[in-house]
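Enquirer: Letter by letter, the sequence shown follows residues 1 to 180 in the numbering used here.
For every residue, glycine included, the Cβ atom is placed at its ideal position computed from N, Cα and C.
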Amino acid sequence: MLQIPYCKEQVVAEIAAQLRNWNIQTRQGVEVTISQVLQLTNEQAWSFQSALFTPIFLVEVADIGVDTDNPKFREVDKRFKEKLITQSMVVQLGWLIDPQHKQIYIYRKGRRCSNPGWKDISGENILPGFVLDISLINRIIDPILPAPSRLSQVQANCPYCNNAFNNIYELIKHLESVHC
């Protein structure tokens with residue numbers, strides 16, 4: 001079994017959770033998996049006999065070092081440019097995130113790679129309305145920050161039916177079971 005560092009796994013889970021919550025709120029119909037974000041028909045989801053599918057958006061969380069002049073970064077950068085985000089692929093947007101060194105690289109089809117710094121990033125027109133909240137990742141990688149314990153005790157109302165919930169987790173469960 002492949003061993004993955006605990007903090008990296010937690011960051012991946014946080015990114016997937018944020019994408020999933022955005023998908024519930026916006027009803028985009030995007031499927032979120034730990035390995036990739038896919039937009040599938042029901043037939044594709046349950047069989048291997050349908051047409052091949054490719055993600056339109058991907059995120060890789062990796063330790064790539066502190067600068068772009070090292071073998072780790074060059075290897076991942078080359079993979080993004082030559083294999084993942086090419087004119088022949090369907091992938092339109094990719095994020096390379098290194099939480100250990102607080103680096104983010106954004107890859108877009110037909111454009112140069114950019115490094116916006118360690119801050120919230122937008123899903124642009126590929127994931128309309130989605131913004132990755134870096135403060136939630138900071139809580140994982142920097143444990144001295146206060147834990148978000150108040151989140152579990154927030155009074156929240158459903159935006160669709162106005163039912164009231166005493167914590168955010170019950171609201172999410174309600175949204176998934178009733179409104180999706």
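Which complete beta strand (DSSP E) runs does the region 88-128 hold, if anything under 3 residues is left out?
Expert: Within the region 88-128, the complete beta strand (DSSP E) runs of at least 3 residues are 93-98, 103-108.
Enquirer: Under 7 Å Cβ to Cβ from E124, same chain only, skipping five residues before and after it: list those, please.
Expert: Excluding positions up to five away in sequence, the list reads L93.
Enquirer: How far does the beta strand (DSSP E) with V61 in it reach, from first residue to last?
Expert: Unbroken beta strand (DSSP E) run through V61: 57-61.
Enquirer: Quick check on the burial criterion: 16 or more other C-beta atoms within 10 angstroms. Buried or exposed for V11?
Expert: The residue in question, V11, is buried, as its Cβ has 16 or more Cβ neighbours within 10 Å.
Enquirer: Among A164, N115, I126, K102, which residue has its Cα nearest to the Cα of S135?
Expert: Answer by Cα proximity: K102.
Enquirer: With 16 other CB atoms within 10 Å as the buried threshold, where does Y105 fall?
Expert: Its Cβ being crowded by 16 or more others within 10 Å, Y105 is buried.
Enquirer: Name the DSSP bridge partner or partners of L132?
Expert: I121, per the DSSP bridge assignment.
Enquirer: Can you tell me which of the three DSSP states N167 falls into?
Expert: Note: N167 maps to coil in three-state DSSP.
Enquirer: Can you tell me whether DSSP reads N157 as helix, strand or coil?
Expert: Note: N157 maps to strand in three-state DSSP.
Enquirer: Does the distance from the CB of D98 to the CB of G65 come in under 9 Å?
Expert: Yes, these two residues count as a Cβ contact at 9 Å.
Enquirer: Please classify P55: is it buried, with 16 or more other beta-carbons within 10 angstroms of its beta-carbon, or exposed?
Expert: P55 should be labelled buried.
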